[in-house]
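I have placed the structure first, in the form of structure tokens, so that the comments after it can refer back to it.
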Amino acid sequence: MNRFMQELTKGLWKELPPFRLLLGLCPVLAVTKSASSGIGMGMAVLFVLTLSNMLISMVRNIIPSKVRIACFITISATLVVAVELLMQAYAYPLYLQLGIFVPLIVVNCIILGRAEAFAAKNPVHLAIADGLGMGLGFTMSLTFLGSIREILGAGTWFGHPVMWDGFQPFTIMVEAPGAFLCLGLTLAAMNYGTHRQIMKKSREGSEELPASPCGGCRACAMGRNKD
Amino acid sequence: MKSIVQMILVLSLICGTAGFCLSYLKMTTASRIESQALTFVQGPAILEVFRDADNSPINDRRTFPLADGRTINVFPSMKKGKLVGVALEQFGSGYGGDLGVVVGFNVANDTLAGIGITTMKETAGVGTRVKEHAFLKQFPGHALPVKLRNDGGDIDAVSGATVSSKGVMGAVDSAVAVYKELKPLLLETWK
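Top to bottom, those sequences are chains A and B. No gaps in the numbering here: position 126 of the first sequence is 129 in our numbering, and each next residue is one more. No gaps in the numbering here: position 107 of the second sequence is 108 in our numbering, and each next residue is one more.
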């Protein structure tokens, strides 16, 4: 159970997909024009990721390793098409908003990345926890970016006006360059925060290694050694 | 050898299951997706054309075959149980691709009941102005044939957006042709 919680929560902060692992940036940049489309895209990825992790973990022992990528892709592509059909049937306005980025979930590197790096090597319940955690982290990040861009770029949040009267929206924030600006500033702020935290810890005399430039996620060997 | 057989078997099994699930899902959602698409894409334009219909033009739609083998959805507008108008969607070629137009007709005197734009990829701020009231208001009540002023008619094109305006007229023209072809059948269907 402990392990389950650990796998679940790592995606929420420690290995937050778009901001820590920098995975799946295509939808992060493209569909975060508003908080609601961010949350919609996030939910779609959450659904696909959890189910694909679960299925892949279930069949991991019968898949020959030479064709594993083909199998993973087939499973995730099936789920993506299922999401697309369901979204068309039950949430058509959202589908119109997300457009081409729904089918593109299949090439989102988070899906294949988690399948290859985690689900193919771990039992089903841990794979589900990993998918849920990563998916929730992804949804949170997209909603966060979408909120910032919508508030600054349109003066609304989930469609409700939140800024004062006479506020002039920065239209650039809802255009493509705004996505890069927002992502860059968010990453900078997060790295600055992590850096300060580590510096503080090492000043207090703990046995931490010197801070690494990437903020100490477990995605690379440098960060992993530190745990 | 054994591993090759296993590979083929596993991959075929996974693909087969995937294909089966998806075709099942597609079948079960098809009708719902169609009505959703009609509600959110054609729906607003149709309601704009038939503002005072007693019925729901989308729910009462029928599909008719055309002479050239295609089929087309026709949306009727009723008042006190009598057919007053029909609407159908046709496409013209605009500046950025296909331009979908819902064209409504008054069946009593063969005039236009109005038109509404459904889908377009025109230049924002230029071609998209064909969706504005100033352009669309020229159509309700207009007798056939409908032509742009350039072509000897009396419809003013949106200035600066001649291609988009012509795209709309192209769609209207083909809608008129379909309407003329189907009219006897339509009157037969909804009495």
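A virtual CB, placed ideally from N, CA and C, is assigned to each residue, including glycine. Bear in mind the structure is a predicted one, so any value in this text is a computation, not a measurement.
Beta-carbon neighbours of residue i, restricted to chain B and to distances below 9 Å
i, result
"Q91(A)", "T30, R33, I34, Q37 and A38"
"L97(A)", "None at all; the shortest Cβ gap to chain B is about 10 Å."
Euclidean distance between Cα positions of residue i and residue j
i, j, result
"G149(A)", "S40(A)", "8 Å"
"T12(A)", "T197(A)", "18 Å"
"Q171(A)", "G158(A)", "8 Å"
"L48(B)", "I34(B)", "19 Å"
"M28(B)", "V86(A)", "14 Å"
"T40(B)", "V84(A)", "22 Å"
"N56(A)", "D133(A)", "8 Å"
"T189(A)", "I113(A)", "20 Å"
"L100(B)", "G126(B)", "16 Å"
"Y95(A)", "Q37(B)", "6 Å"
"I59(A)", "R6(A)", "19 Å"
"R62(B)", "G44(B)", "11 Å"
"D174(B)", "Y98(A)", "31 Å"
"E189(B)", "A178(B)", "18 Å"
"T124(B)", "K167(B)", "14 Å"
"G20(B)", "L14(B)", "10 Å"
"A122(A)", "S79(A)", "12 Å"
"V159(B)", "G115(B)", "17 Å"
"K181(B)", "Q139(B)", "21 Å"
"V48(A)", "G105(B)", "41 Å"
"C185(A)", "N111(A)", "20 Å"
"V109(A)", "S4(B)", "28 Å"
"H134(B)", "G86(B)", "21 Å"
"A172(B)", "A162(B)", "16 Å"
"N194(A)", "H163(A)", "31 Å"
"K69(A)", "G156(A)", "48 Å"
"D157(B)", "D53(B)", "27 Å"
"E211(A)", "K204(A)", "A caution first: E211(A) carries a pLDDT of 49, below 50, which makes its placement in the model unreliable, though a value can still be read off. For E211(A) and K204(A), the distance between alpha carbons rounds to 7 Å."
"G102(A)", "A130(A)", "29 Å"
"V177(A)", "F141(A)", "19 Å"
"T18(B)", "M2(B)", "24 Å"
"G90(B)", "N64(A)", "It should be pointed out that residue 90(B) corresponds to Glu in this sequence rather than to Gly. Rounded to the nearest angstrom, the two C-alpha atoms are 53 Å apart."
"E18(A)", "D168(A)", "39 Å"
"T30(B)", "F50(A)", "18 Å"
Partners in chain A for residue i, counting only beta-carbon separations shorter than 8 Å
i, result
"M8(B)", "P67, K69 and V70"
"A1(B)", "What is shown of chain B runs 2 to 192, which leaves residue 1(B) out entirely."
"I59(B)", "Those do not exist, as I59(B) stays about 13 Å from chain A at its closest Cβ, beyond 8 Å."
"A19(B)", "T77, I78, A80 and T81"
"F41(B)", "Y95, P96 and L99"
"I156(B)", "Those within 8 Å of I156(B) in chain A number zero; the least Cβ separation is about 30 Å."
Contacts around residue i, its chain only, beta-carbon distance under 6 Å, and the 5 residues preceding and following it disregarded
i, result
"E119(A)", "none"
"V42(B)", "T119"
"K148(B)", "G154"
"G142(B)", "T112"
"S165(B)", "G95, Y96, E123, G128 and V131"
"N213(B)", "A query on residue 213(B) cannot be resolved here, the shown segment of chain B reaching from 2 to 192 and no further."
"A2(A)", "One cannot answer for residue 2(A) here, as it falls past the ends of chain A, which runs 4 to 230."
"S37(A)", "G149 and E153"
"F136(B)", "V159"
"G98(B)", "K122"
7 Å Cβ cut-off: residues of chain B touching residue i
i, result
"V84(A)", "L23"
Contacts that residue i makes with chain A (C-beta to C-beta distance below 7 Å)
i, result
"L48(B)", "Chain A residues near L48(B): none, gap ~16 Å exceeds 7 Å."
Interface partners of residue i on chain A, CB under 9 Å
i, result
"S4(B)", "P67 and K69"
"K27(B)", "V84 and L88"
"V11(B)", "V62, I65, I66, P67, V70 and C74"
"I118(B)", "Within 9 Å Cβ-Cβ: nothing; I118(B) doesn't reach chain A, min ~15 Å."
The ligand NAP heavy atom lying under 7 Å from the CB of residue i
i, result
"F183(A)", "In the structure shown, the ligand NAP is absent, as is every other ligand, since no ligand is present at all."
7 Å Cβ shell around residue i - same chain, five flanking residues per side excluded
i, result
"L52(A)", "I113, I114, R117, G134, M137 and G138"
"F65(B)", "T72, I73, V75, L183 and L186"
"C16(B)", "none"
Spatial neighbours of residue i in its chain, beta-carbon cut-off 8 Å, leaving aside the 5 residues before and after
i, result
"P58(B)", "I47, L48, F51, F76, P77, S78 and A88"
"Q91(A)", "Y98"
"K132(B)", "I118 and M121"
"V165(A)", "I154, G158 and T159"
"P104(A)", "Correcting the residue type first, residue 104(A) is Phe in the shown sequence and not Pro. Within the same chain, F104(A) has close Cβ partners C29, P30, A33, V34 and M44."
"L145(B)", "D111, T112, L113 and V177"
"R150(B)", "I156, D157 and A158"
"H128(A)", "F7"
- Message: As an exercise, report each continuous alpha helix (DSSP H) stretch of at least 4 residues that is fully enclosed by the stretch 128-213 of chain A, in chain order.
- Response: Correct list: 179-206.
- Message: Using a Cβ-Cβ cutoff of 8 Å, what residues of the stretch 50-80 of chain A are near chain B? List them in chain order.
- Response: Those would be V62, I65, I66, P67, K69, V70, A73, C74, T77, I78 and A80, in chain order.
- Item | Complete runs of the alpha helix (DSSP H) confined to the stretch 22-82 of chain B [at least 4 residues] | Taking only runs of at least 4 residues, the alpha helix (DSSP H) segments lying wholly in the stretch 22-82 of chain B are 44-50.
- Secondary structure, beta strand (DSSP E): runs of 3+ residues fully inside the stretch 25-55 of chain A: You should have found no qualifying run.
- Task: Could you run through the stretch 67-96 of chain B and flag, in chain order, every residue whose CB is less than 8 Å away from some CB of chain A?
- Result: Going along the stretch 67-96 of chain B in chain order, one finds no residue with a Cβ nearer than 8 Å to chain A.
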